[in-house]
Every structure is written in structure tokens, then in C-alpha cells.
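A.B. asks: Just so you know, we're using full-length UniProt numbering here: the sequence shown kicks off at 1 and counts up by one.
Ideal Cβ positions, reconstructed from N, Cα and C, are used throughout, including at glycine.
The structure is given below, and queries will be raised subsequently.
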Amino acid sequence: KLCEGILNILEKDTRTSCQVACLEALRILSRDKKVLVPVTTKRNMQILMKLAKLDTVEDSLQRVSEFPVIVEALKCLCNIIFNSSVAQKLSLELNLAAMLCNLLRECKDRPLVDDIKCFDLRLLFLLSLLHTDIRAQLRQELQGVQVLTQALESSLSVRWTEEYKVAEDGDRPPLSLQETDCAIEALKALFNVTLDSWNVHSKNESHQFRYMAAILRHCLLTTGPTEEKTEELH
């Protein structure tokens, strides 16, 4: 009942501070699988997707003031999808992976979106881990390898000297914590999406995997903010 009450409030046009507080409470409650059973419905998933700006085609990140709401909504969706097989099935019906890819494209070259990008990537990782149909959808329909590789490239601030050669700078400072976390989430999602890619058939696929291999090499030469984070990144 508490979760339903929170979702009813979130469905209304309330203040940003109220939305964030409600989403924080829901995120904590959503760690309990028993609590999720009655609230994991299509309507409730759509409420959270709307708050995460996943229901808009473009210009979803115009208001910086809404960014905390987007991040908290994505965190809630991560918990719900991880803990609920019903939510995993609904995510395919609601085309959640496609919407996440669109939001990830919106994040490109924008300031102050690292947290949004990180939890978008984490949700793509969870979907590709827990639902084989979504993994296939990402690989075949949504250009998932390209989208995730570009997210990884952006997180690592890659500079190119040749088509498949990344510029190496020995004096480059370590990645920030946010950049490292984004790169790690992108790598995890890429692993799932490319897991069954033993045969590369097309010229475009060949290019994409060579491009990704150059970025992965660069990743191994990159350091994070701490020794532990560098080890996790590698």
C-alpha cells in the first residue's frame, strides 16, 4: 500500500523535491521482492519511465533541475527489474531498451549528465543480463554495440590518431570516479550484448568490432581514481 501511495503521488504533477523524496523512498522499498509483487504493473513501470524521461523522443535533458528526478527514477527501475521477473517481461513489452538507448544518445556531449548516463548503462546491463530476448534486440535491432561503444568512448575521452588507433598520452590524469563508473557499466553491458558474437558476418560488424577493440586496448592503459577502481575497470 505504501508503494502504491508513493506511485500515486508520483503520477501527479508534484514539485521536484517531492518527486525526489518519493523516489528515494521507493528505491529503498524496491529492494524487497515481496513489496514489489503488487506494484510491478505496466502502469507503475510507465510512471517511472516517464519520470526518467524515457517516454520522450528528443530534448529530454533540457532542464538541469530535473536531473535528480531522472537519476532516482532510473535507480528505482534498476532495483525493480533486478528483483522482479514480471518487470523483466514488462520491460520487453514496453520497449524499455530502445528508450534507454535513445536517452543515452541524448547524453552525448552534454554536461552534468554522468549520473544519468551511468544508471542508464546499468539498466541496459541488467536487461541484457536477465532477458535473452532484450540482449538479442540490443544486438540486432537497436545498434546496441555501437551505442554502448560510443558511451565507453565518451567516458574514456578517447582521441583518435588513425581509424583504429587511439592517441596515447602518458601524462594524462586518471579518470574521475564518475567517468570510471560509466566506463565499467558500459563494459559490462557490452560483454552481455557481444556474448554470442562469435561470427562476424558483415563489413559494418567487422568495422565495429575493430573500433571497439582499439577502445578496449586504450581502456587497459587507463587508470581510475584509485587502485581498486583501476582493477575493476580492467
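Can you tell me the Cα-Cα spacing of Pro174 and Lys34, whole angstroms?
C.D. replies: C-alpha separation (whole angstroms): 42 Å.
A.B. asks: Measuring straight from C-alpha to C-alpha, what distance separates Glu228 and Asp181?
C.D. replies: Cα to Cα, Glu228 sits roughly 12 Å from Asp181.
A.B. asks: Cβ atoms of Ser84 and Thr40: under 7 Å apart, would you say?
C.D. replies: The answer is yes: Cβ separation under 7 Å.
A.B. asks: Can you tell which of Gln137, Asp169, Ile116 and Lys165 has its C-alpha closest to the C-alpha of Ala97?
C.D. replies: It is Gln137 whose Cα lies nearest to the Cα of Ala97.
A.B. asks: Based on DSSP bridge pairs, tell me the residues matched to Lys165.
C.D. replies: Paired residue(s): Glu162.
A.B. asks: Run the CB neighbour count on residue 235, radius 10 Å, all protein chains shown included, and call it buried at 16 or more, exposed below.
C.D. replies: What the structure shows of the chain is the stretch from 1 to 234, and residue 235 is not part of that stretch, so it cannot be assessed.
A.B. asks: Roughly how many whole angstroms lie between the Cα atoms of Lys53 and Ile70?
C.D. replies: About 7 Å.
A.B. asks: Between which two residues does the alpha helix (DSSP H) harbouring Leu221 extend?
C.D. replies: Per DSSP, Leu221 belongs to no alpha helix (DSSP H) and is neither H nor E.
A.B. asks: Just the C-alpha distance for Gln62 and Asn192, rounded to the nearest angstrom, thanks.
C.D. replies: Distance between the alpha carbons of Gln62 and Asn192 is about 31 Å.
A.B. asks: Are at least three pairs of beta-carbons, each pair with one atom in the segment 128-146 and one in the segment 159-173, less than 8 Å apart?
C.D. replies: With the cut-off at 8 Å, the segment 128-146 and the segment 159-173 do not touch.
A.B. asks: Give me the Cβ distance between Ala87 and Met45, rounded to the nearest whole Å; I'm assuming they're in contact under 8 Å.
C.D. replies: About 7 Å; that satisfies the 8 Å criterion.
A.B. asks: Taking the straight line between their C-alpha atoms, what separation do you get for Glu163 and Arg172?
C.D. replies: About 21 Å.
A.B. asks: To the nearest whole angstrom, what separates the beta carbons of Leu152 and Leu100, a pair I think is in contact under 8 Å?
C.D. replies: Contact flag wrong, Cβ pair sits at about 15 Å.
A.B. asks: Contact check, Ile215 vs Thr132 under 8 Å by CB: the rounded distance?
C.D. replies: Contact doesn't hold; Cβ gap of about 26 Å is too wide.
A.B. asks: Kindly list the residues whose CB is nearer than 7 Å to the CB of Leu129, restricted to its own chain and excluding five residues on each side of it in sequence; keep chain order.
C.D. replies: Excluding residues within five positions, the ones whose Cβ falls inside 7 Å are Asn192.
A.B. asks: For Glu24, which residues of its own chain have a beta-carbon under 8 Å away from its beta-carbon, when the five flanking residues on both sides are left out?
C.D. replies: Cβ neighbours of Glu24 beyond the five flanking positions: Glu72.
A.B. asks: Helix, strand or coil for Gly144? Go by DSSP, reduced to three states.
C.D. replies: Here Gly144 sits in helix by DSSP.
A.B. asks: In whole angstroms, give me the CA-to-CA distance for Lys117 and Lys1.
C.D. replies: Roughly 31 Å separates the two Cα atoms.
A.B. asks: So, for Lys42: in the same chain, excluding its five sequence neighbours on each side, which residues have a beta-carbon less than 8 Å away from its beta-carbon?
C.D. replies: Correct list, in chain order: Leu90, Glu93 and Leu94.
A.B. asks: Using only CA atoms, which one of Val113, Arg122 and Thr230 lies nearest to Phe82?
C.D. replies: Minimum Cα distance to Phe82 is reached at Arg122.
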